[in-house]
Amino acid sequence: MRAISAFLVFAVLGGALVAGPTQARPLDVVKSAGVLRVTVYRDYRPWSWQEDGRLKGIDVEIGAALAKALGLKVDYLVLRPDDNLNDDLRNGVWRGSILGEAPGDVMLHVPNDPRVEEANDKIKLTAPYQTEGYAMAVDPANAAEAQDFSLFEREKVAVDIGTLADIILLSARDHKLINNVVHVRGEGKAAQAYEKGEVVAFYGESALVEHLAHTSTRAVTIIHPQHKLARTIAIGGAVKADSVDLGDEIDRQMTALADSGELKRIFASYGVEWRQPARDR
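Those letters in the sequence shown? Residues -24 to -1, 1 to 257, by mature numbering (1 follows the signal peptide of the UniProt record, and there is no 0).
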């Protein structure tokens, strides 16, 4: 997932200087400014992407809901993913981008794992809001047999080439599926192959598969086949380490959004199932 395996996008500007860490923006400073700045990833459907000149997505709406709950306006830092998560946290939370953009007060779509804090002493994780993993969109008549991947010993399944989902399919059932794994560039193309009837299923990251299946005109069922590599991870946010009170308030408001049903509504509006993580990290 992009939060863990961000790809390299590096821009070099003549005469540009790398800024040092920005000052803390704890809760009272953010409230005084009247704006909550939220970092989201660029081109990361269904979480955050631009369409017709408008920023949209699950994380975009969650950021807006957090700002509203705090009585603030919302502003976004749209982040190009860098080499790895540590670089993304540097650019999106505590230093700002190489282009001179200010970091966010909170960055969304960060793996909620204590090891992330251990590797980044300048950030503090905030409450998780989704459990993410891998999913398959499959013709309903074939869903039962797809649960253990045995269906694909004779039927075709589409997947984005070179992804972990691809590795899972190629390694499943002692590599017996290799001849029926259809490689495409991007999950969107995998969904198109399903729509055209070229395959009986497509496989990938849960949220994107569900989102793409949601717009399909072909009947579809979402399943989550078990595989040793298909692990789940809780997704949350991060603030600067010295903005603890802001992080605590983000936690309270995220819990309120969950309890009110607002998180479920936001996810459902993109065709994605909201899978509530455990509240104690």
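Quick reminder that beta carbons are idealized off the backbone N, C-alpha and C, glycines included.
{"Asked": "Spatial neighbours of A95 within its chain, please: CB distance less than 7 Å, with the 5 preceding and 5 following residues excluded, ordered by chain position.", "Found": "N62"}
{"Asked": "Is it the case that the Cβ atoms of A166 and V135 are separated by a distance below 8 Å?", "Found": "yes"}
{"Asked": "DSSP three-state call for I74: helix, strand or coil?", "Found": "coil"}
{"Asked": "Taking Cβ positions, are I137 and V114 nearer each other than 8 Å?", "Found": "no"}
{"Asked": "Does the stretch 79 to 86 come into contact with the stretch 173 to 182, if we say contact requires no fewer than three beta-carbon pairs (one atom in each stretch) closer than 8 Å?", "Found": "no"}
{"Asked": "So what does DSSP say about H85, is it helix, strand or coil?", "Found": "strand"}
{"Asked": "For K240 and E108, what's the separation of their Cα atoms in angstroms?", "Found": "14 Å"}
{"Asked": "Please name the residue in D235, S245, R228 and I209 whose C-alpha comes closest to that of D89.", "Found": "I209"}
{"Asked": "Is G39 near Y52, with beta carbons less than 8 Å apart?", "Found": "yes"}
{"Asked": "For R30, collect the residues of the same chain with a Cβ closer than 8 Å to its Cβ; drop the 5 residues on either side in sequence, then sort them by chain order.", "Found": "none"}
{"Asked": "Please state the DSSP three-state secondary structure of S24.", "Found": "strand"}
{"Asked": "Taking only three categories from DSSP, how would you classify Y105?", "Found": "strand"}
{"Asked": "Look at the Cβ atom of Q106, then the Cβ atom of I199, and state whether they are nearer than 8 Å.", "Found": "no"}
{"Asked": "Who are G180's beta bridge partners in DSSP?", "Found": "A111"}
{"Asked": "Output needed for L145: all residues of its chain with C-beta closer than 8 Å, excluding positions within five of it in sequence on either side, in chain order.", "Found": "F125, F128, V133, V135, L153, V157 and Y179"}
{"Asked": "From the DSSP output, read off the bridge partner residues of G212.", "Found": "V86"}
{"Asked": "I need the DSSP call for D35, collapsed to helix, strand or coil.", "Found": "helix"}
{"Asked": "Does D136 come out as helix, strand or coil in the three-state DSSP assignment?", "Found": "strand"}
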